[in-house]
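So the sequence shown is residues 40 to 669, counted in the working numbering. We put the beta carbon where it would ideally sit given N, CA and C, even for glycine. Please read the structure below before turning to the comments.
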Amino acid sequence: MNNHGGRANEPTSYGLQPPRGAQPPVAPEPAPGQGAGAVARQDQHPPHEDSARPYGQGQPGYGPGAGQQQGQHRGQGQPRDQYQPSAGQRRAYEPTQFAGPTGAAGGGSPTTAGADAAWAAAADPDAGRLIGGRYRLVSRLGHGGMGTVWKAHDQIVDRDVAVKEPRVPDSLPERERQTVYQRMQREARAAARIDHPAVVTVHDVVVEDGRPWIVMELVRGRSLGDVLADGTLDPREAARIGVEVLGALAAAHEAGVLHRDVKPDNVLLGRVGAGQGEGPGGGRVVLTDFGIAQVEGEQGLTETGAFIGSPEFIAPERVLGQRPGPESDLWSLGVVLYAAVEGMSPFRRTNHPATLQAVLSAEPQTPARGSGALGTLIMQLLRKEPGARPTAAEARQVLESVARPAPQLPTMLAAAGAGSLAVGTSRLPGWLRGRKGQLGLGGGVVAVAVAAVMVVVNPFGGGGDDAPAGWKTVDAEQRVRAELAAPEDYTLSEDDDEITLLDPGEVFTITLNRDPVTDETDAPSALQEANSYLDDYQEDYYEYGWTEDSVEGSVRATTYHGKKAAELTATYTTNDSDNPEDLRRREFHYMNDSKVQWQLVVEMPARGKPRAEGERLFKDLVKHLRIKDL
Numbered sequence: 040m041n042n043h044g045g046r047a048n049e050p051t052s053y054g055l056q057p058p059r060g061a062q063p064p065v066a067p068e069p070a071p072g073q074g075a076g077a078v079a080r081q082d083q084h085p086p087h088e089d090s091a092r093p094y095g096q097g098q099p100g101y102g103p104g105a106g107q108q109q110g111q112h113r114g115q116g117q118p119r120d121q122y123q124p125s126a127g128q129r130r131a132y133e134p135t136q137f138a139g140p141t142g143a144a145g146g147g148s149p150t151t152a153g154a155d156a157a158w159a160a161a162a163d164p165d166a167g168r169l170i171g172g173r174y175r176l177v178s179r180l181g182h183g184g185m186g187t188v189w190k191a192h193d194q195i196v197d198r199d200v201a202v203k204e205p206r207v208p209d210s211l212p213e214r215e216r217q218t219v220y221q222r223m224q225r226e227a228r229a230a231a232r233i234d235h236p237a238v239v240t241v242h243d244v245v246v247e248d249g250r251p252w253i254v255m256e257l258v259r260g261r262s263l264g265d266v267l268a269d270g271t272l273d274p275r276e277a278a279r280i281g282v283e284v285l286g287a288l289a290a291a292h293e294a295g296v297l298h299r300d301v302k303p304d305n306v307l308l309g310r311v312g313a314g315q316g317e318g319p320g321g322g323r324v325v326l327t328d329f330g331i332a333q334v335e336g337e338q339g340l341t342e343t344g345a346f347i348g349s350p351e352f353i354a355p356e357r358v359l360g361q362r363p364g365p366e367s368d369l370w371s372l373g374v375v376l377y378a379a380v381e382g383m384s385p386f387r388r389t390n391h392p393a394t395l396q397a398v399l400s401a402e403p404q405t406p407a408r409g410s411g412a413l414g415t416l417i418m419q420l421l422r423k424e425p426g427a428r429p430t431a432a433e434a435r436q437v438l439e440s441v442a443r444p445a446p447q448l449p450t451m452l453a454a455a456g457a458g459s460l461a462v463g464t465s466r467l468p469g470w471l472r473g474r475k476g477q478l479g480l481g482g483g484v485v486a487v488a489v490a491a492v493m494v495v496v497n498p499f500g501g502g503g504d505d506a507p508a509g510w511k512t513v514d515a516e517q518r519v520r521a522e523l524a525a526p527e528d529y530t531l532s533e534d535d536d537e538i539t540l541l542d543p544g545e546v547f548t549i550t551l552n553r554d555p556v557t558d559e560t561d562a563p564s565a566l567q568e569a570n571s572y573l574d575d576y577q578e579d580y581y582e583y584g585w586t587e588d589s590v591e592g593s594v595r596a597t598t599y600h601g602k603k604a605a606e607l608t609a610t611y612t613t614n615d616s617d618n619p620e621d622l623r624r625r626e627f628h629y630m631n632d633s634k635v636q637w638q639l640v641v642e643m644p645a646r647g648k649p650r651a652e653g654e655r656l657f658k659d660l661v662k663h664l665r666i667k668d669l
């Protein structure tokens, strides 16, 4: 078995292909103030030279059948696309009707294209065209049998977007042409029903020249299919992606939408520097292309006997023409996970009939690279009988346990004098990375004289009424004269004047310590003490295991219950040559009138979604911190 994506030249439905032949030059990225948007959402970020992937956008097909068009292969019977959801339905998406002139002249809306539009038109006749009076086409991103996807610029709100243009042959009968247009409008309605960060955002549908143009967010990154062409994923990363796709599917099913085409090419991974995650290894995951989705309450658009979907990822019940349900999408997710760790679908064969027969009758081997809990889950998702497959909740529990395994607890070796510290984890918790004066760091040896107590069974008391859901109160009055609300699944350890909480995935570390200042001249205020910490970090980076010149930070004054306090922010890179990490510290400092200082620290990744989660965690921790000796 190979370890790549296993691309072949046989097409699958709705696998949009890059334009063939000579490619037009990509238009220059807009200057600042002219739409530097990696993702057309609320947060905007600078552009990057890598490719941009919109939802439903042109990508090489994954596996057998890349680019097969609707109806090229007929399954056994007609799928009865009826699905009854358990939740109420959202209001259907209403497209924008634009009756103004078409073409580059547009409809009289503001334009800043100028020479750029003329340059783009020279490379592509449609480049520079204004759609709906506001969306300027810039360059083609890809195309398939039913649509061309463009990078475009929204001149009203000044951001880059993706625009999907209907693409049907002139010879297609009018009835079939209208079916294509209806399917594209259904695609927009299906995506618009779903409110989930792992589902691409549809901004608008413009009906121009009687054709629907879908306007959606522009996602910069690579598809999972592209990533698998370079090699397989480790089980932990595959599970992380699976959690996000599963969340998107659960949200879709709740909204009455079956995706029906879950495959690697329809899973986009945000790339590093795109302002939306880091792709493989911790970034945003986006489920795309609802072009063949079934929306509850709408009449099916599939012709009698027509096969719809990608053969090697389609569930057996759909091959047999039986009524699909959420379990059908979960089957497809199982095949995607199998391909992620093994490099190819277990049902791939040399032709479509053989592939469909394998889906119906073949019993795949347990993936060798995804053994353990992930492999077991994959095989359960691939059960032929829909009712025998795990539910979405059961699958999520397994995927989360693989993606974020419970940490090994630190093994504390106390010594009467100077000695070494052995830990059972691959990285030291944040409370062992604190200020060297507190930890006794020197000469490359960690000297610890400590009587530590590991609390792993019911360490939390009752949570306050105003604490976030799933949080409990840590009563640390004896250790640090304070109470701290924190997520209830965090592991607590206690030292003389310090408590530490470590999350199950070892992503975030929380430390709260209490330190009487013996020399009042050293730190007359919390603000000056915080500045002293930052100076120490920058001057003695090596003592903390950080690389030279990597420490950047700032300190700002704040208040705590009406009294002066301070916050510190620092970023740095660890000097581990095998696995360097870019990390971020957020610290809260408070000093009372008796010159006793409390320091609350949250250590987190420096980039991507974990950083945003860490920032929210820090703010909630400070909000629910209760110091006894104000």
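Query, Result
"Out of Val188, Thr598, Asp265 and Gly295, which one is the CA nearest neighbour of aspartate 234?", "Gly295"
"Using only CA atoms, which one of Ala508, Glu516 and Ser367 lies nearest to proline 526?", "Ala508"
"For tyrosine 174, which of helix, strand or coil comes out of DSSP?", "strand"
"Who are the near neighbours of glycine 286 in its chain, counting only those whose CB is closer than 7 Å to its CB and skipping five residues on each side?", "His235 and Ala237"
"Can you grab the Cα-Cα spacing for the pair threonine 550 / tyrosine 611, in whole Å?", "18 Å"
"DSSP three-state label for phenylalanine 657, please.", "helix"
"Within 10 angstroms of the Cβ of serine 410, are there 16 or more other Cβ atoms? Answer buried if so, exposed if not.", "exposed"
"Comparing C-alpha positions only, which one of Gly172, Ala290 and Leu656 sits nearest to alanine 506?", "Leu656"
"With distances taken between CB atoms, is the gap from arginine 428 to leucine 420 smaller than 8 Å?", "yes"
"Hey, quick one: how far does the beta strand (DSSP E) through methionine 255 stretch, first residue to last?", "250-255"
"Using the Cβ count rule (16 or more neighbours within 10 Å means buried), how would you classify glycine 364?", "buried"
"Assuming serine 262 and leucine 307 make a contact with CB atoms under 8 Å, what is their CB distance in whole Å?", "6 Å"
"Can you give me the C-alpha to C-alpha distance between lysine 423 and glutamate 356, rounded to a whole angstrom?", "8 Å"
"State yes or no: is the C-beta of lysine 648 within less than 8 Å of the C-beta of alanine 521?", "no"
"Can you tell which of Glu578, Trp585, Ala596 and Thr548 has its C-alpha closest to the C-alpha of glutamate 568?", "Ala596"
"Mind checking whether valine 594 and leucine 566 have CB atoms under 8 Å apart?", "yes"
"Straight-line CA distance for methionine 255 to aspartate 248?", "19 Å"
"Does the Cβ-Cβ distance between valine 513 and leucine 531 come in under 8 Å?", "yes"
"Apply the 10 Å Cβ neighbour rule to asparagine 390 and answer buried if 16 or more other Cβ atoms are within range, or exposed otherwise.", "exposed"
"Taking Cβ positions, are alanine 604 and tyrosine 629 nearer each other than 8 Å?", "yes"
"Excluding the 5 residues flanking glutamine 577 on each side, which residues of the same chain have their C-beta closer than 6 Å to its C-beta?", "Val590"
"Kindly indicate which residue of Arg646, Ser633 and Gly653 has the alpha-carbon position closest to the one of glutamate 626.", "Gly653"
"How big is the Cα-Cα spacing for proline 69 and glycine 309?", "The pLDDT assigned to proline 69 is 41, lower than 50, so where the model puts this residue is not dependable; a value taken from the coordinates is nonetheless given after this. Answer to the nearest angstrom: the Cα atoms are 20 Å apart."
"Tell whether a beta-carbon distance below 8 Å holds between proline 425 and serine 367.", "yes"
"Classify glutamate 620 as helix, strand or coil using the three-state DSSP reduction.", "coil"
"Applying the 10 Å Cβ sphere with the 16-neighbour rule, what's the burial state of histidine 298?", "buried"
"Is the Cβ-Cβ distance between glutamate 204 and threonine 218 less than 8 Å?", "no"
"Take the Cβ of alanine 378 as the centre, count every other Cβ of all protein chains shown within 10 Å, and call the residue buried at 16 or more, exposed below.", "buried"
"Pick helix, strand or coil for proline 644, following the three-state DSSP scheme.", "strand"
"Can you give me the start and stop residues for the beta strand (DSSP E) that tryptophan 189 sits inside?", "186-193"
"Can you tell me whether DSSP reads glutamate 215 as helix, strand or coil?", "helix"
"Does DSSP put aspartate 574 in a helix, a strand or coil?", "helix"
"Go ahead and label leucine 395 buried or exposed: buried means 16 or more other beta carbons lie within 10 angstroms of its beta carbon, across all protein chains shown.", "buried"
"Just to confirm, are valine 244 and glutamine 224 a CB contact at a threshold of 8 Å?", "yes"
"Is alanine 292 helix, strand or coil when you go by DSSP?", "According to the sequence provided, residue 292 is histidine. The question's alanine does not apply to it. DSSP places histidine 292 in helix when its eight states are reduced to three."
"Please report how far the alpha carbon of glutamate 283 lies from the alpha carbon of glycine 322, in whole angstroms.", "10 Å"
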